[in-house]
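Heads up, the thing below is written out as structure tokens.
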Amino acid sequence: MADNEEKSLTAESSSTSAKPSVAGENREPITEKKKCGDVEEVSVATELNRLSIKEEEKRDSVLHEPEDSNIEAVISGDTVYTSASRFEDLNLSPELIKGLYVEMRFEKPSKIQAITLPMIMTPPYKHLIAQSHNGSGKTTCFVLGMLSRVDPTLSKTQALCICPTRELANQNMEVLQKMGKFTGITAQVFVPTGVPVAKQAPVSPHVAVGTPGTLKKWMTYEKLDLSHLKILVFDEADHMLATDGFKDDSLKIMKDIEYQKKKKNLDTSFQVLLFSATFNETVRKFVEKIVKGDPNKLFVERKALTLDSVKQYKVVCPEEQNKIEVIKDQIMELGDIGQTIIFVETKVSADKLHKALAEMGYDVTSIHGSMTVADRDTVVKEFKANLTQVLIATDVIARGFDQKQVNLVVNYNLPCTYNTEEPNYEVYLHRVGRAGRFGGKGAVFNLLLDDGWDKEAMEKIEKYFGANVKEITTWNSEEEYKGALKEAGILG
DNA sequence: AAAAAAG
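Just so you know, we're using our numbering here: the first sequence kicks off at 36 and counts up by one.
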């Protein structure tokens, strides 16, 4: 109930939405253009290199960026976008600027923010498909994008963000509320609460954030009117539009928005932003078809996606039971290494591992989709408050979950693709990305069995990302684990 | 068989 109450972000009086300049007068454009049909292939590598030298000098900035070379950008149309080296370059309202500095405590845009924010905010508002590394600041891109495009004086829902899980929806809502605290913009999260949607009163927050099922419900019961929508965001877009993900729901919501607009004889167009750290070839092709009319695109080369700051290790355990011993003896007894997430494949194995460790007297929590929403919320709240140190999880929190203190990720099982022999490369990358947020240090332990599939899958993953995954050669050697964690920089 | 969902 409380979750679905409309929340005002207001702390001060509102202002009209800001419009950024089309191109900076005194700044150099980020692009070197090469004509290629009606689309221009644009290399931003030169600019990025220049930026990284600059950033090297200012070491103490809040946002530490992982290396962002190997980015490929395609800009459509004639608009020249200028990389925003400061938030002031974006013509944001003073209230939004205040939110960025005072509430978020940002100093300047991260690389992905510097590049995409002008693309998002400059009219004509083009669609954007943007890929960038885990922990590089994508959320700020689309949250700021939504906030900057909302007119606070118009009491209509103008921005919508669709997320794959309630946890991510809640997390994005928190960021939005913080960033927009001084703007007067209202926002509401749409996730299951236990109260039937049919019994809810109609609402019209400026910004809506939610999960597909609940959003669909609110729309079909005509409790949420999106006929004035200006901007639609898909967080974890590759999963939101994947066949084995939320493709049908996502397309249905897009159709319903158009229908709502048509019914009121309003312009049916709206800007679409697609953000993710991963876009495999299949999804990428499909995604490019979804957003019509030459979207701006930003992609990262696959081999450049793994974070250098997060060291990866693998260890072959003779028996399944040994995995629990590794967790017990090598991880639970380490002392101060920050927080840990242990990923398992199924809900049942999450419960089993939780029970096993609890019986040995260890203080762990777990989260998966069969738990009550109240329990899920509590577990996340406690973990985010640093009250718990070890969290066992299914892939509910594989994507997007942002907790800076997570230094260690354990893959109790390697992620596999359902009904195939293939490992799930995307999920692997997302899990690993829970550690080392915003350039922080991290380590990953992959617990393998000696049964063939595990080792093969691990090798495929290494090859796919060109990753260096070092082997811990003796599964029960304390020195080796400690050495690994010291090497990763998370053990003193 | 992860996830979302008064399906």
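Backbone N, C-alpha and C define an ideal beta-carbon position, used for all residues, glycine too.
*By Cβ distance, which residues of its chain are closer than 8 Å to E513, with the 5 residues on each side in sequence left out?*
Counted from its first residue, the first sequence places residue 513 at position 478. Answer for E513: D364 and Q365, listed in chain order.
*Is it right to say Q306 is buried, meaning 16 or more other beta carbons lie within 10 angstroms of its own, or is it exposed?*
Residue 306 sits at position 271 when you count from the first residue of the first sequence. Label assigned to Q306: buried.
_Tell me which residues share the same chain as W253 and place their Cβ nearer than 7 Å to its Cβ, disregarding the 5 neighbours each side in the sequence._
Stepping through the first sequence from its first residue, residue 253 is reached at position 218. The residues are F225, V232 and L259.
*Could you name the residues that DSSP lists as bridge partners for F281?*
For this step, residue 281 is matched to residue 246 along the first sequence. Note: F281 sits in no beta bridge, so no partner.
_Quick check on K505: does DSSP put it in helix, strand or coil?_
Here the question's residue 505 lines up with position 470 in the first sequence. Residue state, collapsed to three classes: strand.
*Drop a sphere of 10 angstroms on the beta-carbon of P458, count the other beta-carbons inside from all chains shown, and report buried for 16 or more, exposed for fewer.*
Your numbering for residue 458 matches position 423 in the first sequence. Label assigned to P458: buried.
*Three-state secondary structure (DSSP) at Q193?*
In the first sequence, counting from the first residue as 1, residue 193 sits at position 158. Of the three classes helix, strand and coil, the one that applies to Q193 here is coil, per DSSP.
*8 Å Cβ cutoff met for L482 and V445*: Working through the first sequence from its first residue, we reach residue 482 at position 447. Working through the first sequence from its first residue, we reach residue 445 at position 410. In this structure, V445 lies closer than 8 Å to L482 by Cβ.
*Cβ pair A272, L464 closer than 8 Å*: On the first sequence, residue 272 is found 237 positions in, with the first residue counted as 1. On the first sequence, residue 464 is found 429 positions in, with the first residue counted as 1. Not a contact, by the Cβ cut-off of 8 Å.
*Just reading off the beta strand (DSSP E) that Y348 is part of, what are its end residues?*
Stepping through the first sequence from its first residue, residue 348 is reached at position 313. Start and end: V345 to C352.
*Would you report the Cα separation of G468 and G112, rounded to the nearest angstrom?*
On the first sequence, residue 468 is found 433 positions in, with the first residue counted as 1. On the first sequence, residue 112 is found 77 positions in, with the first residue counted as 1. If I take the Cα positions, the gap works out to 34 Å.
*beta strand (DSSP E) containing Q148: first to last residue?*
For the purposes of this step, residue 148 is taken as the residue at position 113 of the first sequence. Segment K146 to M156 is the alpha helix (DSSP H) holding Q148; no beta strand (DSSP E) there.
*Could you name the residues that DSSP lists as bridge partners for Q306?*
Looking up residue 306 in the first sequence gives position 271. Its beta-bridge partners are I266.
_Three or more C-beta pairs under 8 Å: does that hold for the region 398-413 against the region 284-297?_
no
*Distance between A393 and G180 (C-alpha atoms, nearest Å)*: The residue labelled residue 180 in the question sits at position 145 within the first sequence. The residue labelled residue 393 in the question sits at position 358 within the first sequence. Their backbone Cα atoms lie some 44 Å apart in a straight line.
*My understanding is that G172 touches I147, with C-beta atoms under 8 Å, so please give their C-beta distance in whole angstroms.*
Numbered from its first residue, the first sequence carries residue 172 at position 137. Numbered from its first residue, the first sequence carries residue 147 at position 112. Contact holds; Cβ gap of about 6 Å.
*Take K296 and list the residues in its own chain whose beta-carbon comes closer than 6 Å to its own, dropping the five residues that flank it on each side.*
The sequence position of residue 296 within the first sequence is 261, counting from 1. S262 and T303, listed in sequence order.
*Are the beta-carbon atoms of L182 and M156 separated by less than 8 Å?*
If you number the first sequence from 1, residue 182 lands on position 147. If you number the first sequence from 1, residue 156 lands on position 121. Against a cut-off of 8 Å, the Cβ pair of M156 and L182 comes out as no contact.
*Backbone secondary structure at I362 - three-state DSSP*: As a first step, residue 362 must be located in the first sequence, where it is residue number 327. Here I362 sits in helix by DSSP.
*Return the chain-ordered list of same chain residues with a C-beta closer than 6 Å to the C-beta of K521, the five sequence neighbours on each side being excluded.*
Taking the first residue of the first sequence as 1, we reach residue 521 at position 486. Answer for K521: no residue qualifies.
*DSSP puts K332 in a beta bridge; with which residues?*
Start at 1 with the first residue of the first sequence, and residue 332 comes out as number 297. Bridge partners of K332: V109 and I164.
_Contact under 8 Å by Cβ, A478 with N442_ = To locate residue 478, count along the first sequence from 1; it is residue 443. To locate residue 442, count along the first sequence from 1; it is residue 407. Against a cut-off of 8 Å, the Cβ pair of N442 and A478 comes out as a contact.
*Per DSSP, N454 forms a beta bridge with which residues?*
For the purposes of this step, residue 454 is identified with residue 419 of the first sequence, where counting begins at 1. Partner(s): none; N454 has no beta bridge.
_Unbroken beta strand (DSSP E) run spanning L179, endpoints_ = One-based indexing of the first sequence puts residue 179 at position 144. That residue, L179, is in no beta strand (DSSP E); its alpha helix (DSSP H) goes K173 to R184.
*Determine the contact status of G404 and Q206, defining contact as a CB-CB distance below 8 Å.*
Numbered from its first residue, the first sequence carries residue 404 at position 369. Numbered from its first residue, the first sequence carries residue 206 at position 171. No, the pair does not count as a contact, with Cβ atoms beyond the cut-off.
*In chain order, what residues of the same chain lie with their CB nearer than 8 Å to the CB of K265, ignoring the 5 residues before and after it?*
As a first step, residue 265 is located in the first sequence; it is residue number 230 there, counting from the start. Counting only Cβ-Cβ distances below 8 Å, and skipping sequence neighbours, we find Y160, R184, V185, Q193, A194, F305 and Q306.
*On a CA-only basis, which of W488, E497 and K320 is nearest T341? Give me that one, please.*
As a position in the first sequence, residue 341 is number 306, starting the count at 1. Residue E497 is the option with its Cα nearest to T341.
*Cut-off 8 Å between Cβ atoms - residues of its own chain near S239, not counting five sequence neighbours on either side*: As a position in the first sequence, residue 239 is number 204, starting the count at 1. Closer than 8 Å at Cβ, skipping near neighbours: S190, K191, T192, L259 and D260.
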